[in-house]
């Protein structure tokens, strides 16, 4: 029974995710970034979000952990917050020049890590893996949205 549990997709995906997180963290840390920063960095760079609420939604995390992360990112000089002129309780979040300057190198390091991790996979296999994982994540999101907390 134990062997069956350890070979389930959920367990194997969890192992792969932890492996990717370790790899990414080791490559991002020298650049001043952490793996947890990625959704925030991408959302701000691409203009997908500009408030804490939007960033929490984009990253699929609750507001308190997002507030803590933004505080650390601000302390580390990666983001800057300015008061929202319309809603004084809210603030706009932007990447600093420091973070923007390091984003291309961070992105290149992440893509290189993905290429190395997928060594031996054909382009078709990589594309299929991405398609399957995207579907899996959509299924999990659907289950989470209908399941009671």
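Residue numbers (our numbering): 7 to 155. Ideal Cβ positions, reconstructed from N, Cα and C, are used throughout, including at glycine. What you are looking at is a predicted structure, and each value in this text was computed from that prediction instead of being measured.
* Asked: Tell me, which residues are paired with residue 86 by DSSP?
  -> 100
Take every Cβ of the stretch 99 to 108, pair it with every Cβ of the stretch 117 to 128, and state whether three or more of those distances are shorter than 8 Å. no
Q.
As a quick exercise: from 67, 76, 91, pick the residue whose alpha carbon is nearest that of residue 84.
A. 76
Q | residue 46 to residue 128 span [Cα, whole Å] | A | Approximately 31 Å, taken between the alpha carbons.
Residue 41 in three-state terms, based on DSSP: helix
Subject >> Residue range of the unbroken alpha helix (DSSP H) whose run includes residue 24 >> reply: 15 to 34
task: Following the continuous alpha helix (DSSP H) through residue 70, name the residue where it begins and the one where it ends.
output: 69 to 81
- Item | Through-space distance from residue 64 to residue 73, alpha-carbon basis | 14 Å
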